[in-house]
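Residue numbers (the working numbering), protein chains in the order written: chain A, 23 to 140; chain B, 101 to 214.
Idealized CB from N, CA, C, for every residue including glycine.
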Amino acid sequence: AQKITQTQPGMFVQEKEAVTLDCTYDTSDQSYGLFWYKQPSSGEMIFLIYQGSYDEQNATEGRYSLNFQKARKSANLVISASQLGDSAMYFCAMRGLISNFGNEKLTFGTGTRLTIIP
Amino acid sequence: GAGVSQSPSNKVTEKGKDVELRCDPISGHTALYWYRQSLGQGLEFLIYFQGNSAPDKSGLPSDRFSAERTGGSVSTLTIQRTQQEDSAVYLCASSLKSFSYEQYFGPGTRLTVT
């Protein structure tokens, strides 16, 4: 079984500052992937960034980076130079990468609502 | 190209009625997923299709829930005898193949059971 924990229900950050959204996970899988999704008020889920458990380098995508600490089972999302358009719900998710039954679905955390203050 | 589409965008129904929710995945995507998002919660997996078959139905909460996929494309999620606890946003996602890194989500159907 897999579990994702996001302990920050809400965060307020000043525009242009960096923000870190916390995510810890638990799994018995040796090979797994970690994902971050953004959900604006319009409701669609937007894929942001992916980190594989065997990737040696932290993933980066533009202003997004994933601070992956495998031993601590954490996969925090860092957004640099925050913008007003970053205000949204952010979900951390994971799944196993071996083609086994049950590994095709994503397990999500409860999310963090990020509000950027002008 | 076109993304994942879902219809209707909003559905209000009376308790006890049946509802059908539709998902049109991205053309050529063989894997399709249904998730449910209750108010203030994360997404909860319901069912997964590879082509027209559903290898994993483990997330369906009761036998009132069923889903099918035809022609390897459109999928319908049916909820029979709806209950108030079924009120949620139902999200569909598709990916090029099973175990692809990225699942592309539709805008969801907001279901309200009164």
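Of the residues assessed, leucine 56/A falls on the buried side of the cut-off, its CB having 16 or more other CB atoms within 10 angstroms. Residue pairing of threonine 137/A in beta bridges, as defined by DSSP: Phe34/A.
Taken through DSSP and simplified to helix, strand or coil, glutamate 66/A comes out as coil. CA-to-CA, the gap between serine 109/B and alanine 40/A works out to about 35 angstroms.
In summary, the residues of the segment 122-140 of chain B whose CB is separated from some CB of chain A by less than 9 angstroms are Ala131, Tyr133, Tyr135, Gln137, Gly140, in the order they occur in the chain. Listed along the chain, the chain A residues whose CB falls inside 9 angstroms of the CB of proline 108/B amount to none; the nearest CB is some 13 angstroms away. Distance between tyrosine 112/A and arginine 94/A, taken at the CA atoms: about 21 angstroms. Contacts with chain B at 8 angstroms (Cβ-Cβ) do not include phenylalanine 90/A. Contact residues of the segment 187-198 of chain B toward chain A are Val189, Leu191, Ala193, Ser198 (C-beta to C-beta distance below 8 angstroms). An exposed status is given to glutamine 105/A, since fewer than 16 other beta-carbon atoms sit within 10 Å of its beta-carbon. Comparing alpha carbon positions, the residue from Ser138/B, Asp186/B, Tyr148/B closest to histidine 129/B is Tyr148/B.
Here DSSP, grouped into helix, strand and coil, assigns leucine 106/A to helix.
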